[in-house]
Each structure stands twice: as C-alpha cells, then as structure tokens.
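Q: Chains as they are written, first to last, in the numbering used here: chain R, 1 to 64; chain B, 1001 to 1248; chain Z, 2001 to 2206; chain E, 3001 to 3227.
Backbone N, C-alpha and C fix where the C-beta goes; we use that ideal spot for every residue, glycine too.
Pasting a structure here, questions to come.
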Amino acid sequence: MSVSEFFNMGGYAVFVWSSFGLTFVVLLLNWWLPFRQHKQYLAKLKRQEMIKSREEKQSHDASS
Amino acid sequence: MFKWFVTWFHRFGSPPHFYRLAGRWLPWLTTLFVVTVIAGLYGGLVLAPADYQQGESFRIIYVHVPAAWMSMFIYVVMAFCGIVILVWRMKMAEIVLSCSAPIGASFTFLALVTGSLWGKPMWGTYWVWDARLTSELILLFLYLGVIGLYGAIDDKRVAARAVAILSIVGVVNIPIIHFSVEWWNSLHQGPTVTKFDKPSIDIRMLIPLLLMALAFQIYYVIALFQAARAAILQRERNSRWVEELVKP
Amino acid sequence: MTALLETRELTCVKDDRMLFEGLNLALKPGQILLVEGRNGSGKTSLLRILTGLNLPESGEVLWQGKSISDVGADFYEQVNYIGHHDGIKRDLTCLENLRLVQAMGKPLPISLDDALEQVNLLRFGDNFVATLSAGQKRRLALARLVVTEASLWIMDEPFTSLDKASMVLFQRMFEQHLAAGGIIVMTSHHDIEMPDSDVQRLDLSA
Amino acid sequence: MKRLSLSQAFWFLLRRDLLLAMRNRAELANPLLFFVMVITLFPLAVGADPNLLSRIAAGIIWVAALLASMLSLDSIFRSDFEDGTLEQLLLSAHPLPVLVLAKVSAHWLVSGLPLLLIAPLLAMMLGLDSDAYGVLLLTILLGTPVLSLIGSIGVALTIGLPKGGIILSLLVLPLYVPVLIFAASAIEVVSSGLPATAQLSMMLAFLFLALSLSPVATAAALKMSMS
C-alpha cells in the first residue's frame, strides 16, 4: 500500500480523517484546558502568597 | 486484600493525597496513553484489512465505538460517585463527579459526530434516526443537564449533591430510554441500518479496537486527574496544605 | 439530669468561610439557649443544623444521646422550628393553616380554637391569612408552638414585627414551656428577660 | 396522645393543595390554554391537509401534553418554597416521600386531569382516527402522572435557583422520552387496526416504577435544595 493510497482511504478520506482529526482535537482540548487552568491557578496562588509574605516582612521591618 | 482496599480508598479520598498522587502518576499515564494510542492507530489504520462491505470507511469504528463506550462508562462512574456522595459525603467523589461530566459529554459528542460521519458514506446522509445515534443524543442531553445544574448552583458542595441525585436518576433511566429507543426504532427503521450488525469481526480488526478502547480509558483517567487537580486547588485554596504548596 | 440536646464538635463552613468550629453544646430540659452574634456570624446556620435542615461540615447533633440523622421521626416529633419565613399560606384561613401543622405528625395537646385564643387571634380563625397584618401573621406562625406538643422549640428571630404586648405574651409562653421541661434555642435582636429561667448564652461573633 | 396518622396526613395535604389550586383558578387554566394553543399552531404550521394532520395527530397531542405538563411543574413546590411551608414539610415526623407523593398527586389532578378531559376535543379537531380515542385517553391517563412524578425530581433540584426554569427543561425532557415513545406508538398502532396491549402495559410499568422511585429521589432533592 502506498502512502497516497493510505491517505486516500479508498475514497473515504474526508470522512475517516475528519473523524480522527476531530477526535484528536477534542481530546487535546479536554486535556489542555484543565492543564492550563491548573497552571494559571497555581501561579495566582503563588503570587498571592508572595505578596502576603512581602507585606508581612514590610510591616515587620517597620515595627522593628 | 479488603484492608488494602480500604486504606487505598481513604488515601484517594483525601484531596491533598489525591493531588500529589495524580501529579506523580500523570507523566506515566501519559506515556502509557501515547504508546497504546500509537499501537491502536497503527493496527487500525494500517494493519487491519478493509471491510468487505464498507471498504475503508469502517476505520471510523476505531474512534466511534470507543467514544460511545466511554460515554456510557463515564455516566456509570458518575452515578457511582453520586452514591458515594450521598452516603459518605466524600469530597473526592464530588470532584470526580463534577470533573467527569465535561469529559463524558465530549466523548458523547465525539460518538455522535463520528457516527454521523460514518453514516454519510453508509446511509447516504449525515443523520438518520438510528437507535444508537438517537440514544446517544439523549445521553448528550443528560450530560448537559448535569453540567448545567452543577454550574447553576453557587455552593459547590450543594451543587455536587444535586448532580449526585441527578446522575443516579439518570443512570436508572438510561436503560429504559435505550430500550424504548431501540423498540421505537425497530418499528420505523429503514433496511440499510442492519449493515452495522455483523456476525463476527476479524481478529485483526478487533485487536486495534480493544487497544483504542484501552487508550480512551487511560485518556479518561489522565483528563480526569488533570481537571481534578485544578478543581482541588480551587476548592482547597484556604487550607493549610495548599498554603505550604505555594510557599515561595 | 442528662442533656437532651447536644452537639459534638460542630463545624459549619459557608462559601469557604468558617462560621464556627468545634462547637459543643448541651441543653437539659428547662434550659434556654440564646444565640447571639452579628449578621452573617452563622446564627441561622446553627439553628438549621440543629433541626437537621442543614448538614454541618463536620460533627453531629445528638438527641437523647443519639445522632438526629439516625433518630428520624422520633426527633422530628419533638421539634418545632420557626424560621425567617412564617411557613403560613396566604390563601388559607388561620384555622386551615393550623390544621396543616397538626397533620405533620406531631402530638396534639389542645384544640385549635384554644391555640388561637392563646395568641389573641380567636376572632380571625376564618379569615384568610392574606388579610392579616405582619404582626398577626407572626403570631399565627408562633401559634404553631402550642398546637403541637414538641419539647424542642427552635426559633429564628421570633419577635420580628411583634408589638410590645405580644412580646410579653410570648415570653410568658416561653417561660411556661421551660417550666414544663421544654428546651428553647433562639436568636433575637430584642432583649428578652426571663428571670426565672435557666439561660445560656452563645456568642458566635467571639 | 392523639395524633394524625400518615394516611390522614396524605389526604390532608392533597386536599389542601387542591383547595389552594381552586383559590387560584387563573393559574389553573394556564397549562390547559397552553396545551390548546400549541395544538392550534400545528395546522397553521404544517398545513391543514386532513390526511397529514390525522397521521401526526397522536404525536402533536403528546408533544403538546408534554410541554404543558412541563410548564406547570414549577407550581408543585414554588409557593411552598417561598413562604416556608416546604421547610415545615421537611421537619414533619412523617416520611417525606409520602408527603411528596401527596403533593404530586394534587398537582396531577389539577394539571394532568384537565388535559385528559380536553384531549378528545382536540383529537377530533385534528381528525384522529375515531377508533384511537379510547387508547389516546388511556395513554394520557397512564402517561401524564409519570410526567408529573419525573418532573417533580427536576423541580426539587432547581427550586432554589434564580433561573431554574430553563435548566429544568434540560433536566426533565430527556427523561420524558420513553413515555412519549410508547404513548405515541400506542395510538399509532391502534389507528392502523392493531392492538396496543404491549405499549399500554409498558406505560403501566413506567407508572409503577415512577410511583415507587421518584418520590424518594424528589425527597432527597428537596432536602438538598433547602440546605
């Protein structure tokens, strides 16, 4: 079987490849969106924590 | 054995443990997924022979059928979590239930779209009111109901209990709906639909199908872990262990 | 005498905010608990947890030493709850409303007319609730307390929209209930005086 | 000491809800008017061809009945939720599913039963086969209580939500599918001269299943919604 035959899928290329392509896209999105959400959330929490610790340090310096 | 299961259950039931374990397992699961999916795709797209009736178009089966299986499997998982939520009020079950719904809905969506893409060459039209497609469509509505209800209630613990009840009601109804639709279809169906029902399947076609099904299962676990980690972090943002985690 | 109503390590979380934590209470027959605290400190949540309407984040409520979720009907037979809403239907008459209260499976000590008389609403028995004033409605809601014989009264701001005379009337009713061995848990913005009773105070703001 | 039994409580609650419905007659008529209007719209939309109409009459009547019953669902618990009576029901010493059943029965009597009474008239207007009248009424008699019972779960889940109405249809309509399929099919086979015993016995089975399971689910959902 040649490569072009493989991609042609016996004339059903549109249906076969769009099915596989769409599946791939949906699965990727479903993985990537929570991944990004998790990363963003972690970064946000880290930033909040950093701000908090700096403020604490400042008030500590001011009082001493 | 039972004791081992109970300790395991408890460890998975605590959000910080789950968070850490999921984080540790994710790279391994991803590797496993990539290996299985490549093997399944190679077997399905290259090694398996073309179908004697449907030609190459039957290869859509390798995404359509596993997606349809997953769409039902995930709903059952959700109903099981629902029981755990109502009986033991376990936080992790709430997170698993709410994170599973979008994944299940996307598998249902995929099963529908690939089914209709398969239907075009087979039936000559993208949509027929075939029993399987129709019940899959209703299943999609059930998923959207769960997602909608969970999103509409602000207090997420209350929301989790609401969708727990809803998914248990849904899982009782799914067999009835499925049966009704099958029955309805047997009265109205056209002759072409039976093309799908084949007495047996070539082993070279079957193995890739099972591999793809396994790959989709692993994918579900990966996507669930990923979403659960985000949800845990959001829910437990005020707790001690999250504070430790984000300390600079 | 042993405590009738107890809480063990009650914790309540609402919208990520810890309202109270590790709350232990014990109430004996004849005792009244006044729950105090500023708005949003969890008074209503506590009362609803005590009735079993809300679930605590952790901990449990005990009735005669058993968790209320296990006791079920025997507990609900003994509870009267008056919340923010009167729980009274506008399109029914006073008598019809009280009959419904009695239908809810709690023991019935007195006739409905006697109950209406106790809250000074005897003349209004056949009037629709929609025609009553806010204070009269509240009195009708409080009449629920006497048409059934429950030993635990849980009340959220019972004196809202009541005039001075009615408040005195109900304070006397509460005292009688306590003297008969009942228990009261309530919140109130009004100062109430019950010199002869065993009063406990709980401040949730602290 | 004297106390009212469970069956007395059931009848009392049923009577009270009927009484309340009678005192709000305007609301009572709404689902019925909706039912009639939707059915009037169909000939306007698909054309007045008597053959076509008589062929799809069963489907039209059932889809309209389904929508009308869904529209009226909210009233099962709405006013009780708003004035705090629902809270008192939850604190009753009687088992909540039984009280729920009383309320749903009352709801069916005021929303399902009128559909049953007006359906023959509409069937006549749509030109439904006259042999199918009996079975049409039977399907409505067996089917609409199932709709009310299933619907009560959905209402109980969404009662506390500010925009519960839209989501309610999403929750409830998929669950209505089996009733719709069997009811429409029963009428169809009878019109073509075959007996509909199988369809009707399935609907009876659905009714018993819904009677036994849905009050429990509704009670659980109400407890969730009130917390």
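Mind checking I2068(Z): buried by the 16 CB within 10 Å criterion, or exposed?
A: Buried is the call here.
Q: If you measure beta-carbon to beta-carbon, which residues of the region 3162-3186 of chain E are closer than 8 Å to chain B?
A: Taking 8 Å as the Cβ-Cβ cut-off against chain B, the residues of the region 3162-3186 of chain E that qualify are K3163, G3164, I3167, L3170, L3171, L3173, P3174, L3175, V3177, P3178, I3181, F3182, S3185.
Q: Thinking C982(B) and A1231(B) are a contact (beta carbons under 8 Å), I'd like their distance in whole angstroms, please.
A: What is shown of chain B runs 1001 to 1248, which leaves residue 982(B) out entirely.
Q: Could you confirm whether any beta carbon from chain R is found closer than 7 Å to the beta carbon of W1123(B)?
A: No, its Cβ sits nowhere closer than 7 Å to a Cβ of chain R.
Q: Can you confirm whether F1141(B), when its beta carbon is compared against all beta carbons of chain E, has any partner nearer than 7 Å?
A: F1141(B) counts as touching chain E.
Q: Could you list which residues in chain B have their beta carbon closer than 9 Å to that of D2016(Z), in chain order?
A: Those within 9 Å of D2016(Z) in chain B are R1235, R1237, N1238.
Q: Starting from the C-beta of A1213(B), find all residues in its chain whose C-beta is less than 7 Å away, skip the five residues before and the five after it, and write them out in chain order.
A: Result list for A1213(B): P1066, W1069, in chain order.
Q: Among the residues of its own chain, which have a CB less than 6 Å from the CB of L2047(Z), if the five just before and after it don't count?
A: The residues are I2154, D2156.
Q: Helix, strand or coil, according to DSSP, for F2089(Z) in the structure here?
A: Note that residue 2089(Z) is Lys in the sequence shown here, rather than Phe. Three-state result, K2089(Z): coil.
Q: I'd like to check one pair, D3129(E) with S2944(E): are the Cβ atoms closer than 7 Å?
A: Residue 2944(E) cannot be examined here, being either before or after the span of chain E that is shown, 3001 to 3227.
Q: What is the DSSP secondary structure of G2052(Z), reduced to helix, strand or coil?
A: Residue state, collapsed to three classes: coil.
Q: At 4 residues or longer, and completely inside the region 3073-3132 of chain E: list those alpha helix (DSSP H) runs for me, N to C.
A: Counting whole runs of 4 or more residues, the region 3073-3132 of chain E contains the alpha helix (DSSP H) stretches 3078-3083, 3085-3090, 3096-3126.
Q: Between the Cα of Y2081(Z) and those of E2193(Z), I2183(Z), R2201(Z), D2203(Z), spot the shortest distance and give me the residue it belongs to.
A: Closest option to Y2081(Z), Cα to Cα, is I2183(Z).
Q: Helix, strand or coil: how does DSSP classify V2119(Z) here?
A: Three-state DSSP puts V2119(Z) in coil, outside helix and strand.
Q: Does DSSP put W2153(Z) in a helix, a strand or coil?
A: Residue state, collapsed to three classes: strand.
Q: DSSP puts A1162(B) in a beta bridge; with which residues?
A: Beta-bridge pairing links A1162(B) to no other residue.
Q: Please classify A43(R): is it buried, with 16 or more other beta-carbons within 10 angstroms of its beta-carbon, or exposed?
A: Exposed.
Q: Going straight from the alpha carbon of Y1062(B) to that of P1208(B), what length do you get?
A: Near 7 Å, if we compare the C-alpha coordinates of P1208(B) and Y1062(B).
Q: Only counting runs of 3 or more residues, tell me where the beta strand (DSSP E) segments fall wholly within the region 1212-1244 of chain B, in order along the chain.
A: For the region 1212-1244 of chain B, not a single whole beta strand (DSSP E) run of length 3 or above is found.
Q: I need the straight-line Cα distance from R1240(B) to L1045(B), nearest angstrom please.
A: Whole-angstrom Cα-Cα distance: 50 Å.
Q: Measuring only the C-alpha atoms, how far is G3165(E) from I3181(E)?
A: When rounded, the distance between both Cα atoms is 24 Å.
Q: The alpha helix (DSSP H) that contains S3007(E), what's its start and end?
A: That run of the alpha helix (DSSP H) goes 3006-3023.
Q: Would you say G2947(E) and L3053(E) are within 7 Å of each other, going by their C-beta atoms?
A: With chain E covering only 3001 through 3227, there is no way to say anything about residue 2947(E).
Q: Would H38(R) pass as an interface residue toward chain B - the criterion being a Cβ-Cβ separation below 7 Å?
A: Answer yes: the Cβ-Cβ gap between H38(R) and chain B drops below 7 Å somewhere.
Q: For a contact meaning CB atoms closer than 7 Å, what does E2077(Z) contact in chain E?
A: In chain order: A3093.
Q: Give a yes or no on whether 7 Å exceeds the smallest Cβ distance from I3153(E) to chain B.
A: Yes - at least one Cβ of chain B is within 7 Å of the one on I3153(E).
Q: At a CB-CB cut-off below 9 Å, which residues of chain R make contact with H1017(B)?
A: None at all; the shortest Cβ gap to chain R is about 17 Å.
Q: Please compile the residues from chain R whose C-beta is within a distance smaller than 9 Å of the C-beta of A1213(B).
A: Ordered by position in chain R, no residue passes the 9 Å Cβ test against A1213(B), which lies about 13 Å from the chain.
Q: Looking at chain Z, is there any beta carbon in it that lies within less than 7 Å of the beta carbon of L3014(E)?
A: Not an interface residue.
Q: T3111(E): buried (16+ other C-beta within 10 angstroms of its C-beta) or exposed?
A: Reading the sequence as shown, one finds Ser at residue 3111(E) and not Thr. Buried.
Q: Quick check on the DSSP output: the alpha helix (DSSP H) that includes S18(R) runs from which residue to which?
A: Taken as a continuous stretch (DSSP letters only), the alpha helix (DSSP H) holding S18(R) covers 13-63.
Q: Looking at chain R, which residues of the region 1221-1233 of chain B have a Cβ within less than 7 Å of any of its Cβ atoms?
A: Under the 7 Å Cβ criterion, the region 1221-1233 of chain B contributes I1222, A1223, Q1226, A1227, R1229, A1230, L1233.
Q: Output yes or no for whether 7 Å exceeds the beta carbon distance between S2188(Z) and F2159(Z).
A: In contact: S2188(Z) and F2159(Z) (Cβ atoms closer than 7 Å).
Q: With DSSP collapsed to three states, give me the class of E2021(Z).
A: Strand at E2021(Z).
Q: Within 7 Å (strictly less), CB to CB, does E2021(Z) reach chain B?
A: Answer no: the Cβ-Cβ gap between E2021(Z) and chain B never drops below 7 Å.
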